[in-house]
Amino acid sequence: MDLRLSVAAPDAFDVSTPTRGRLLVTDLEVLTVTPTSAIISWVTHAARLGRVIPQPIAVGTEMAIGPVGGPMQLVHDDPTPRVYHVVEITGLEPGRTYQFRASSGGKPAMAALRPTRIVGGCERTRQFTTLTVPDGRYLTTVAVANDIHIGERRQGIVLGGLPTSVTPRPDQADYAHMMGVSALNQLATRHGRPLLITNGDITYDNSPEQNAIARELLDSYGSQNQDWVATRGNHDHPRRDDDPFGDYFVGYQQAQAVQETSGLRILAMDSTRGSGGGWITPSQYEQVTAELDSDPDRPTLAATHHPVTTDAAWSSPSGPQFMLRGRDRLKLQLIERQAPGVFLHLAGHTHRMRRNRADLADTNTRYLENAACAAYPGGYTLIHLFEGGYLVNFWRLSDPAALSWIYRSRWQSLGIGAHLMLGSTADRNHRVDVDLSGLTPSGRPVPDELVC
Ligand SMILES: [Fe+2]
Ligand SMILES: [Fe+2]
264 MDLRLSVAAP DAFDVSTPTR GRLLVTDLEV LTVTPTSAII SWVTHAARLG
314 RVIPQPIAVG TEMAIGPVGG PMQLVHDDPT PRVYHVVEIT GLEPGRTYQF
364 RASSGGKPAM AALRPTRIVG GCERTRQFTT LTVPDGRYLT TVAVANDIHI
414 GERRQGIVLG GLPTSVTPRP DQADYAHMMG VSALNQLATR HGRPLLITNG
464 DITYDNSPEQ NAIARELLDS YGSQNQDWVA TRGNHDHPRR DDDPFGDYFV
514 GYQQAQAVQE TSGLRILAMD STRGSGGGWI TPSQYEQVTA ELDSDPDRPT
564 LAATHHPVTT DAAWSSPSGP QFMLRGRDRL KLQLIERQAP GVFLHLAGHT
614 HRMRRNRADL ADTNTRYLEN AACAAYPGGY TLIHLFEGGY LVNFWRLSDP
664 AALSWIYRSR WQSLGIGAHL MLGSTADRNH RVDVDLSGLT PSGRPVPDEL
714 VC
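Residue numbers (our numbering): 264 to 715.
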């Protein structure tokens, strides 16, 4: 077994005060699984003992791995004290099941979050299976990041002084911007700057200042509607007298169609109505249907900030009133069913990673809710397109400042939020077979993790 690995070194935690208490090695996550690699993470801290955020404890990192049925090999044993332990194992074989043992200070890392404790879950069995690459030639990669929330000051449900939201440490006051910068840097340096869909809630409350910062950030990544596409989220809703988001990005209830180098169409729509739920106006439906009717078979990625399935609406703890209204959910799905090229519809808003069940049985469109960038789980998703289908991979931000904030924001909503947002390993990493042979290779190099 020829395994190579890299380890993120998140040591930017305030652990100057020695923490007493029992060491918990917990929140084990098989976060990212590609055809040739896996990223496994966990944290170490003391018992919460009534605290909103438990005291971190920095200890070493150990990881052993091997194919199921074979011996495990200690591939990593690093005594450097860390709180967020992130191990990336590369050099794996596609479609193979591996077993692993993750530990710190000799104690095994335990699955704690609800989606990691389900029967058969990767964190519970301590096994995962690498993905396989879809058939045909590699075409391109598109990224999606949503809920950046530039200007936000607290993460979670803000209920006065109640500890339902997490306040950043003073050095993290600008966490939303920090996370946005970190995401764009990682997309540029690690993933070759794919076309990025920033799918709503780009600002906190659509102020001119927040929009100026967001625009500057995205301009540093590339050109609008060439390197990135922005949709509006409920936080970016027009204000009483003005609409800075409209001035900086795109007008209210305007649909946008952008063609990527491979020929892929991005259909970015505005699903916002007010501060929570959403709608689509008749004039935007006209734009959407005219665009799809002009080329119904063109492989198309659709995006709205709000999820558009009943499954999403009724499974969200915020309830259906926080969602796109019922008639628009159905109407949009019907329109997408009539355009067979629409193979995937991306949404944000719920800050969770979740594959949806479509309302219509015979549709070509899959529906995916993507987790937030601004806070736990803290990352973005890559969609790798091949002639025979696509791969979905969620990536967490890896720089120390980002991980330090992800450690803290994991405790939003009294610690309950993380259980609802992480999703399963398969929600974050999966392959879908669908005919995308109408596209042509974009010329982008095949990402390292897809080279088998
Ligand atoms: Fe949001
Ligand atoms: Fe939202």
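Here a beta-carbon is modelled for each residue, glycine too, at the ideal position from N, C-alpha and C. It should be emphasised that the depicted structure is a prediction, and the values quoted were computed from it without experimental measurement.
For ligand 1, is there a heavy atom less than 7 Å away from the beta-carbon of residue i?
| i | result |
| --- | --- |
| residue 383 | no |
| residue 500 | no |
| residue 440 | no |
| residue 496 | yes |
| residue 308 | no |
| residue 614 | yes |
| residue 575 | no |
| residue 624 | no |
| residue 635 | yes |
Whole angstroms is fine: what's the gap from residue i's alpha carbon to residue j's?
| i | j | result |
| --- | --- | --- |
| residue 433 | residue 416 | 11 Å |
| residue 607 | residue 480 | 27 Å |
| residue 249 | residue 526 | No answer is possible for residue 249: the residues shown for the chain start at 264 and end at 715. |
| residue 297 | residue 709 | 13 Å |
| residue 462 | residue 332 | 43 Å |
| residue 389 | residue 289 | 13 Å |
| residue 322 | residue 365 | 13 Å |
| residue 647 | residue 701 | 15 Å |
| residue 275 | residue 444 | With a pLDDT of only 49 at residue 275, under 50, the local geometry of the prediction cannot be trusted, and the value read off the model is given with reservation. Spanning the two alpha carbons is a distance of roughly 17 Å. |
| residue 572 | residue 705 | 31 Å |
| residue 383 | residue 613 | 25 Å |
| residue 550 | residue 517 | 8 Å |
| residue 627 | residue 287 | 45 Å |
| residue 568 | residue 611 | 5 Å |
| residue 538 | residue 504 | 15 Å |
| residue 662 | residue 552 | 42 Å |
| residue 506 | residue 474 | 10 Å |
| residue 372 | residue 307 | 9 Å |
| residue 439 | residue 414 | 7 Å |
| residue 631 | residue 541 | 17 Å |
| residue 515 | residue 337 | 55 Å |
| residue 636 | residue 666 | 12 Å |
| residue 362 | residue 292 | 14 Å |
| residue 501 | residue 374 | 42 Å |
| residue 401 | residue 448 | 24 Å |
| residue 726 | residue 330 | Absent from the structure is residue 726, since the part of the chain shown begins at 264 and ends at 715. |
Is there a Cβ of chain C sitting closer than 8 Å to that of residue i, yes or no?
| i | result |
| --- | --- |
| residue 614 | In the displayed structure, chain C is absent; only one protein chain is listed. |
Run the proximity test for residue i: is its beta-carbon closer than 7 Å to any non-hydrogen atom belonging to ligand 2?
| i | result |
| --- | --- |
| residue 591 | no |
| residue 510 | no |
| residue 410 | yes |
| residue 468 | no |
| residue 464 | yes |
| residue 608 | no |
| residue 647 | no |
| residue 339 | no |
| residue 568 | yes |
Which word fits residue i, buried or exposed, when buried means at least 16 other C-beta atoms lie within 10 angstroms of its C-beta?
| i | result |
| --- | --- |
| residue 599 | buried |
| residue 279 | With a pLDDT of 47 at residue 279, under the threshold of 50, the modelled position of this residue cannot be trusted; read the value that follows with caution. Classification for residue 279: exposed. |
| residue 519 | buried |
| residue 712 | buried |
| residue 345 | buried |
| residue 735 | The structure shown does not extend to residue 735, since the chain is modelled only from 264 to 715, so the question has no answer here. |
| residue 313 | exposed |
| residue 305 | buried |
| residue 609 | buried |
| residue 491 | buried |
| residue 561 | buried |
| residue 284 | exposed |
| residue 453 | exposed |
| residue 696 | exposed |
Could you name the residues of the same chain whose beta carbon sits closer than 6 Å to that of residue i, not counting the 5 residues immediately before and after it, in chain order?
| i | result |
| --- | --- |
| residue 435 | 668 |
| residue 511 | 474, 478 |
| residue 620 | 574 |
| residue 464 | 410, 412, 496, 498 |
| residue 687 | 378 |
Looking only at its chain, what residues have a beta carbon closer than 8 Å to the beta carbon of residue i, apart from the 5 residues adjacent to it on each side?
| i | result |
| --- | --- |
| residue 601 | 555, 559 |
| residue 380 | 374, 386, 387 |
Given 7 Å as the limit, tell me if residue i has its C-beta closer than that to any heavy atom belonging to ligand 4.
| i | result |
| --- | --- |
| residue 306 | In terms of ligand content, the structure shown lacks ligand 4 and carries ligand 1 and ligand 2 instead. |
Mind pulling the alpha helix (DSSP H) runs of 4 or more residues that sit fully within the stretch 517 to 575? The stretch 517 to 575 contains, as complete alpha helix (DSSP H) runs of 4+ residues, the segments 545 to 557 (chain order).
Would you list, in sequence order, the uninterrupted alpha helix (DSSP H) runs of no fewer than 4 residues that lie entirely inside the stretch 584 to 665? Qualifying alpha helix (DSSP H) stretches, in chain order: 589 to 601.
Could you give the uninterrupted runs of the alpha helix (DSSP H) lying entirely in the stretch 421 to 460, keeping only those of 4 residues or more? You should have 438 to 454.
Within the stretch 362 to 404, note down every full beta strand (DSSP E) run reaching 3 residues or more, in order along the chain. Complete beta strand (DSSP E) runs here, min 3: 390 to 392.
Inside the stretch 463 to 511 only - beta strand (DSSP E) runs reaching at least 3 residues: Here the runs fully enclosed are 491 to 494.
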